[in-house]
Amino acid sequence: MAKGTRPAAAANQVLAENRKARHEYFIEEVYEAGIALVGTEVKSCRLGRVSLQDSHARVENGEVFLYDVHISPYEAGNRFNHDPKRPRKLLLHKHEIMRLYGKVRERGYTLIPLKFYLKNGRVKVELALARGKKKYDKREDIKAREVRRELERVMRHYAGR
Numbered sequence: 011m012a013k014g015t016r017p018a019a020a021a022n023q024v025l026a027e028n029r030k031a032r033h034e035y036f037i038e039e040v041y042e043a044g045i046a047l048v049g050t051e052v053k054s055c056r057l058g059r060v061s062l063q064d065s066h067a068r069v070e071n072g073e074v075f076l077y078d079v080h081i082s083p084y085e086a087g088n089r090f091n092h093d094p095k096r097p098r099k100l101l102l103h104k105h106e107i108m109r110l111y112g113k114v115r116e117r118g119y120t121l122i123p124l125k126f127y128l129k130n131g132r133v134k135v136e137l138a139l140a141r142g143k144k145k146y147d148k149r150e151d152i153k154a155r156e157v158r159r160e161l162e163r164v165m166r167h168y169a170g171r
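In the working numbering, the protein residues as written are 11 to 171.
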């Protein structure tokens, strides 16, 4: 392939998703953030070797850091490989950081990553300002989902006649 002619990549290719986040939290606001990664982390991310399970972000000294994200070591990385669970800096505008800091200081709010994805060749994080759900909230969501599925099933049944 000639230099500079790459096949068109899928727009916003999702590398990893935090599936349980929407079940365990009420999502209030969503932000797109860049992430500071070392070379072998980027290569592992592109291979989809990222786990967002139990991960969260914190605002410290005017910067946002992502904790407990597991990016598997790159196989061909030899001794220059990265620490899989190291804290990673998120890149946001100052006004976004200040807004998040103010909200997180309120009781019950937390920052959680929803997904890692590629945008124009760069790894991005979809970060959510969220509030934890109680057990009864989760039950209500499950009940509403079951009712919606049953309604769709009945509609399909009668639409086919």
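Here a beta-carbon is modelled for each residue, glycine too, at the ideal position from N, C-alpha and C.
Remember, it's a predicted structure, so these values are computed and weren't measured experimentally.
Beta-carbon gap between residue i and residue j smaller than 7 Å
i, j, result
"F75", "K99", "yes"
"L128", "A31", "no"
"H167", "I122", "no"
"P97", "N91", "no"
"L25", "V60", "yes"
"A43", "V135", "yes"
Bounding residues of the beta strand (DSSP E) (the contiguous stretch that carries residue i)
i, result
"H66", "H66 to E70"
"A154", "Note, A154: premise wrong, no beta strand (DSSP E); alpha helix (DSSP H) at K145 to A169."
"Y41", "Y35 to I45"
"K134", "R132 to G142"
"R98", "R98 to L101"
"E73", "E73 to Y77"
"K125", "Y119 to K129"
Buried/exposed call for residue i, threshold 16 Cβ in 10 Å
i, result
"Y35", "buried"
"I81", "buried"
"N28", "buried"
"Y146", "exposed"
"R155", "exposed"
"V164", "exposed"
Nearest-angstrom Cβ-Cβ length linking residue i and residue j, presumed shorter than 8 Å
i, j, result
"L139", "L110", "6 Å"
"R141", "E38", "6 Å"
Cβ-based neighbour list, residue i, same chain, cut-off 6 Å, excluding 5 preceding and 5 following
i, result
"K113", "Y119 and L139"
Contacts around residue i, its chain only, beta-carbon distance under 7 Å, and the 5 residues preceding and following it disregarded
i, result
"G72", "I107"
Same chain, Cβ closer than 8 Å to residue i, five either side skipped, listed in chain order
i, result
"G58", "L25 and A26"
"H33", "K143, K148 and D151"
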